[in-house]
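In what follows, a structure is listed as structure tokens, so that the remarks can point back to it.
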Amino acid sequence: MIKLNSLQYQVLEDSFKLNDFSLDALVGNDNVDALYTEYKKMFGFKKLKTFAFSKEGFLGLFLELKGKIAISLGESLALIEAGKLYESLGFEVLWLDLKKDGKVNLSTLEKNNIDFLFLSSYVMDTFVKTDLEEAKGITSAKIISNASANFDSKSDIIYFDLYKLAGFSLSSVLLFNNEEFELLPLGSLDTIAVKLCIDSLKSQEFNHQMKGIFLEKLKEVFKEDIYFFVKPEDTFDFSLHFALKGIKAREFIRTLALNKIFLTNGEGCSLGLSKPSRIIQAMGYDETTSRNAINLSFTEEIELSEIDKLVNLMYLKYKQIRMLS
Numbered sequence: 112m113i114k115l116n117s118l119q120y121q122v123l124e125d126s127f128k129l130n131d132f133s134l135d136a137l138v139g140n141d142n143v144d145a146l147y148t149e150y151k152k153m154f155g156f157k158k159l160k161t162f163a164f165s166k167e168g169f170l171g172l173f174l175e176l177k178g179k180i181a182i183s184l185g186e187s188l189a190l191i192e193a194g195k196l197y198e199s200l201g202f203e204v205l206w207l208d209l210k211k212d213g214k215v216n217l218s219t220l221e222k223n224n225i226d227f228l229f230l231s232s233y234v235m236d237t238f239v240k241t242d243l244e245e246a247k248g249i250t251s252a253k254i255i256s257n258a259s260a261n262f263d264s265k266s267d268i269i270y271f272d273l274y275k276l277a278g279f280s281l282s283s284v285l286l287f288n289n290e291e292f293e294l295l296p297l298g299s300l301d302t303i304a305v306k307l308c309i310d311s312l313k314s315q316e317f318n319h320q321m322k323g324i325f326l327e328k329l330k331e332v333f334k335e336d337i338y339f340f341v342k343p344e345d346t347f348d349f350s351l352h353f354a355l356k357g358i359k360a361r362e363f364i365r366t367l368a369l370n371k372i373f374l375t376n377g378e379g380c381s382l383g384l385s386k387p388s389r390i391i392q393a394m395g396y397d398e399t400t401s402r403n404a405i406n407l408s409f410t411e412e413i414e415l416s417e418i419d420k421l422v423n424l425m426y427l428k429y430k431q432i433r434m435l436s
């Protein structure tokens, strides 16, 4: 099995006993207390709570914040849906659009006063990097970031997508320092999510050498059939985003899955929605074009001979799909 979609969907091996993290208000909860300590050591935040990683869960956070909110269109689908729901209730949201090159349009912040900015250090699907230092130079708003694929210390508040980290649709873990959010009573804390999240983060590894090798091999084999929505150098060095002409990525991904090679078109693909990349559409491309997008992520080293075989197989399947379409 060759898993090249780990940034969108990762599976964590069972590593603990559930009963060790059950809660009791009348006795000490040492195992849970130890988790708080681990998070603090890893990220430096003092407070922790859990919430549903859904539009309803994010809406609850918005209502707690009590301030003007801005949201980047490069964030997760659940957050975008929550923003739209928040607007439907009569609240105002400042939306930061994506530029044609896939970067967040931070200039939107220049003439707007906001209190909280939902902006991560990367754009979902493409993993184009976002400079949070630049954002802080424009706005005094507190930055709330998804840190599932990358933690940037310039974020004021962070949260994690457990489905992408561990393959479970459990609560998200939210880390913060001040009084922005109300802490949960003991019985409302999702301790299993807290444990799975920290275990996933500790075991998370990326390979920073494979991208360049894969990129050159793909360009060599696919030639004029490969193109790029975003510049490879603008994305993380463990992630590669590209597109193939004349086919839908869904067909390509499903065909390769039969050979136990796993790729992704983006978040809509990993969530089982069978939808093309929303991010590519937010960059100004139509839905049909967005269906061409493919993302690879690299966690392990792959031998050069295996890369040759893999890319040649990908090209073979690509040509077969084009002939049949």
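Using the numbering used here, the final residue of the sequence shown is 436, and nothing's skipped along the way. A virtual CB, placed ideally from N, CA and C, is assigned to each residue, including glycine. Quantities reported herein were computed from a predicted structural model and do not represent experimental measurements.
Would you mind giving the Cβ-Cβ distance between residue i and residue j, rounded to the nearest angstrom? I have them listed as a contact below 8 Å.
i    : j    : result
F95  : K240 : Outside the shown range of the chain (112 to 436) lies residue 95, about which nothing can therefore be said.
P387 : R402 : 4 Å
F162 : L172 : 6 Å
V422 : K313 : At roughly 32 Å, the Cβ-Cβ gap does not stay under 8 Å, so V422 and K313 are not in contact.
F279 : K253 : Actually they do not touch by this definition, with Cβ atoms about 29 Å apart.
F229 : L170 : Not quite, the Cβ-Cβ distance comes to about 12 Å (not below 8 Å), so this is no contact.
I113 : K371 : 7 Å
For the candidate residues the options, whose alpha-carbon lies nearest to that of residue i?
i    : options                : result
Y233 : A189, S183, T219       : S183
H352 : T375, E198, R361       : T375
L326 : D336, S314, P343       : P343
H319 : K265, F409, F202, S231 : F409
L205 : K179, A193, E192       : K179
K210 : Q392, I337, D336       : Q392
E335 : G357, Q315, E203       : G357
S259 : S266, F271, D267       : F271
I390 : D208, E412, Y147       : D208
G323 : A304, D263, L415, N257 : L415
G168 : L281, V143, I432       : L281
A145 : N406, P296, V305       : V305
F154 : L435, L407, L196, C308 : C308
N223 : A181, L200, E198, G194 : A181
Y147 : L300, Q315, D212       : L300
D478 : S436, E316, E331, Y396 : There is no way to answer for residue 478, as the model of the chain reaches only from 112 to 436.
Q315 : P296, L273, L295       : L273
M394 : Y197, G201, L174, N216 : N216
K151 : N406, S264, G201       : S264
F317 : E245, D345, L407       : L407
D345 : D212, R433, L196       : D212
L174 : E293, M434, I337, E245 : E293
I337 : Y429, G194, L295       : Y429
L361 : R433, P296, Y396       : In the sequence as displayed, the identity of residue 361 is Arg instead of Leu. For R361, the nearest C-alpha among the options comes from R433.
Find out if the Cβ-Cβ distance for the pair residue i, residue j is shorter than 8 Å.
i    : j    : result
S283 : F164 : yes
A368 : A404 : no
E398 : D236 : no
E186 : S231 : yes
L286 : L159 : yes
N116 : F373 : yes
I249 : E221 : yes
S218 : L243 : no
E417 : M321 : no
I268 : F262 : no
E192 : K166 : yes
Y426 : F363 : no
F238 : S350 : yes
K157 : N257 : no
T302 : V143 : yes
Using a Cβ-Cβ distance cut-off of 8 Å, determine whether residue i contacts chain D.
i    : result
M394 : Here chain D cannot be found, since the structure has a single protein chain.
Pull the bridge partners of residue i from the DSSP assignment, please.
i    : result
I418 : Beta-bridge pairing links I418 to no other residue.
I255 : F229, I268
V284 : T161
I113 : I372
Is residue i a contact residue of the ligand FAD, with contact defined as CB to any heavy atom under 7 Å?
i    : result
D345 : As far as ligands go, the structure on display features none, and thus does not contain the ligand FAD.
*asked:* Quick check on the DSSP output: what are the complete beta strand (DSSP E) runs of length 3 or more inside the region 153 to 218, in order along the chain?
replied: 158 to 162, 180 to 183, 204 to 207
Ignoring anything shorter than 4 residues or poking outside the region 287 to 350, list the alpha helix (DSSP H) runs there in chain order.
Given a length threshold of 4 residues, each whole run of the alpha helix (DSSP H) inside the region 287 to 350 is given here in chain order: 302 to 314, 321 to 333.
Margin query: To test your reading of the DSSP string, which unbroken alpha helix (DSSP H) runs of 4 or more residues are found completely within the region 349 to 414?
Written below: 360 to 368, 378 to 381, 389 to 393, 398 to 401
My parser needs the alpha helix (DSSP H) runs of 4 or more residues fully inside the region 226 to 250; what are they? 243 to 249
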